[in-house]
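Number of protein chains: 2
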Amino acid sequence: MLKVQASIAALEYKPNRVAQRLRSTSKKTKLLGLIIPDIQNPFFVDVVRGVEDYAYQHNFAVMIGNFGQDEKKEKLYLDILQSENIDGLIVAPIHGKDKGIENLVKKNIPVVCIDRGLTEIDVDVVKVDNEQGAFNAIDHLLSIGHRKIAFISGNFKIPTYIERLAGYKRALSDYGVAYNAHLVFAKDTDYKSGFEIANKILDLKERPTAIFSGNNLLTLGALEAIHSRNIKIPEEISIIGFDDMPWSISLNPPLSAVRQPGFDMGRKAAEMLYERIQNPNSKKEKVILKTELILRKSTARIE
Amino acid sequence: MLKVQASIAALEYKPNRVAQRLRSTSKKTKLLGLIIPDIQNPFFVDVVRGVEDYAYQHNFAVMIGNFGQDEKKEKLYLDILQSENIDGLIVAPIHGKDKGIENLVKKNIPVVCIDRGLTEIDVDVVKVDNEQGAFNAIDHLLSIGHRKIAFISGNFKIPTYIERLAGYKRALSDYGVAYNAHLVFAKDTDYKSGFEIANKILDLKERPTAIFSGNNLLTLGALEAIHSRNIKIPEEISIIGFDDMPWSISLNPPLSAVRQPGFDMGRKAAEMLYERIQNPNSKKEKVILKTELILRKSTARIE
DNA sequence: ATTTGTAATGTAAACGTTTACATTTATCAA
DNA sequence: TTGATAAATGTAAACGTTTACATTACAAAT
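Listed below in structure tokens is the structure:
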């Protein structure tokens, strides 16, 4: 290790990663794929940061694709990343039976699912206990007297929202409150959707006394709808949602929320992917993290 | 175009992008690099979305690196993306004399700078008129009677903040108010930094009547500091910052801000990069977009 | 049936590495 | 000095495309 090494240093030779990747059967090329549903959602940004944090420490590059809940776009990114010969993929499947991802797993490409799992196939997953998280929120609302609680959900083909609905139902049933399907609304998972659905809810003849919203963006959208009508939170309506944000405390009013550890999820997923790459045949792992109910000022007792 | 094409379709043949990229001299391989300073900042998320929007339409994949204002990390991503043989790069340089980016430009790799330019070399740029944006904010504050206006800035090696400071100074001088260096603070560009600096400002013996904060995250951090002391906005202190957010209206109070068109900037940058890839020797372009002052309820007149 | 032009297909080299092996050079003990 | 062993270097094939060119197949025109 003399003349050659010296020249390598002298000429500042940088190996061409494309050629490396073409030639070698993975394990050295250091490229991770990350496919997320919505980069606008601060929760997924936390996930990205977690993944990146781990990747950076282990000298991986991360190639990110953002599919905006569009199945075609998800498929495109899957194809692209695959033909980029990535070493592994972290992905939040658009639904539980995602064939594209199933295929990758079957081809033995290391995959770890994040936020949502796959139902038809055994795969590594890191997610949160959505059912319990939703349960805790609704349980809190019920405990302070609310009985008419609307749920602003994301599309029910997304596994996360199915689980959150289950938690919503379980809490209701624990309190002997009948489930009313007219109180649950699902459309997209973005700001606009939260705004629109909240408006519908506020127009209901018998207005709910509380709103449970399915994510960050839905909550923020709902907040705008409520404020634009000058309805007071929590005096006139309570609201609590999934996902906490650093600035939740600065919202009007400081927002109560179900916190998910996004950064930790991302980091854990990257770590699991790393393990999977090293050890393709070890038993698949499911990691289910806990949520935390953070009570601030957006919910109040009613008689 | 018969048997071969038929087989291609029948076997669902997907060309290997790595091999394509290795062999061909760019222009067909469809990979863009995007290096941004802080993916947690919603402004840059808008930029990412804009880039992605254009890229998706033109069948490009986007490889994102997030360097968190860490020069070493920026360099790493530059090296990685370069050895990935990207067709072009969109980057927000960490400072105006960034040698790494200069080198790419000299090597004739298509580069467009976003949010910030380069001083030593001619390069495509899309940015915003930061000087005028800051001027407008401070001018507004001055017009409603404020004279002691603190500035929570990001690090002054970042060109954006140099420009914003210039706008701050110009407005002051237009009103015949002396510039006081003790009123401008610069550390990082994140939430924590905004929180810490705001606390320092609030501790000043002669407390400023208004705060101008340099970005999204700084504003949000400052907000938390102010709220944690139960100081009323805008009665006791006014605040206005760079960057608007969809949910600014739901903050306490609804926040006034200098809006930057992040999505448009991203889209425009991607478009310019596309042009540059097609036409490597055309004249470099500088696009300077306008900011918009959005007045809500976080600033009030003082006597 | 033959020619002609065009569309379709075939061929070989090249992109910059890795891999496996062969060869050369250096190192140390006897 | 010699041999044995290890370290360093050299060599050739392979990864899956693109590129440029050569060849073959297929019409339509003669």
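Chain order of the listed sequences is D and Z.
Position in the first sequence (first residue = 1) + 1035 = our numbering.
Position in the second sequence (first residue = 1) + 1035 = our numbering.
Glycine included, every Cβ here is placed at the ideal spot set by N, Cα and C.
- Against chain D, a Cβ distance below 9 Å from K1049 (chain Z) picks out D1114, Q1117, S1118.
- The beta-carbon of M1300 (chain D) is placed no less than 8 Å from the nearest beta-carbon of chain Z.
- Contacts with chain D at 8 Å (Cβ-Cβ) do not include M1307 (chain Z).
- For A1213 (chain Z), the nearest beta carbon of chain D is not closer than 8 Å to its own beta carbon.
- Contact between the segment 1200 to 1219 of chain Z and the segment 1179 to 1188 of chain Z is present: three or more C-beta pairs spanning the two stretches fall below 8 Å.
- 8 Å or more divides the Cβ of K1319 (chain Z) from the Cβ of V1083 (chain Z).
- For E1087 (chain Z), the neighbours in chain D by C-beta distance under 7 Å run, in chain order, N1101.
- Under the 8 Å Cβ criterion, the segment 1244 to 1256 of chain D counts as touching the segment 1187 to 1198 of chain D, having at least three qualifying pairs.
- For P1077 (chain D) and K1134 (chain Z), the gap between their C-alpha atoms comes out near 32 Å.
- Counting every other CB atom within 10 Å of its CB across the protein chains shown gives L1237 (chain Z) a total of 16 or more, marking it as buried.
- For K1134 (chain D), no CB of chain Z lies under 8 Å from its own CB, so it is not counted at the interface with that chain.
- Contact residues of the segment 1251 to 1281 of chain D toward chain Z are L1255, L1258, E1259, H1262, P1281 (C-beta to C-beta distance below 7 Å).
- Look at the segment 1213 to 1234 of chain D: the residues with a C-beta under 8 Å from a C-beta of chain Z are Y1226.
- Rounded to the nearest angstrom, the gap between the Cα atoms of G1180 (chain Z) and L1218 (chain Z) is 17 Å.
- With its beta carbon less than 8 Å from one in chain Z, V1080 (chain D) belongs to the interface.
- Close partners of A1335 (chain Z) in chain D (Cβ separation under 8 Å) are lacking, with about 16 Å as the shortest Cβ gap.
- Rounded to the nearest whole angstrom, the C-alpha separation of S1317 (chain D) and R1311 (chain D) is 7 Å.
- If you check the CB distance, G1276 (chain D) and G1085 (chain D) do not come in under 8 Å.
- The beta carbon of K1108 (chain Z) falls within 8 Å of a beta carbon belonging to chain D, placing the residue at that interface.
- CA-CA distance, S1263 (chain D) to Y1226 (chain D), rounds to 15 Å.
- Residue pairing of V1293 (chain Z) in beta bridges, as defined by DSSP: Z:F1277, Z:L1328.
- Here DSSP, grouped into helix, strand and coil, assigns G1123 (chain Z) to strand.
- By the Cβ rule, the segment 1322 to 1338 of chain Z counts as touching the segment 1155 to 1174 of chain Z, because three or more pairs are nearer than 8 Å.
- Three or more Cβ pairs closer than 8 Å define a contact, and the segment 1119 to 1133 of chain Z falls short of that threshold against the segment 1286 to 1293 of chain Z.
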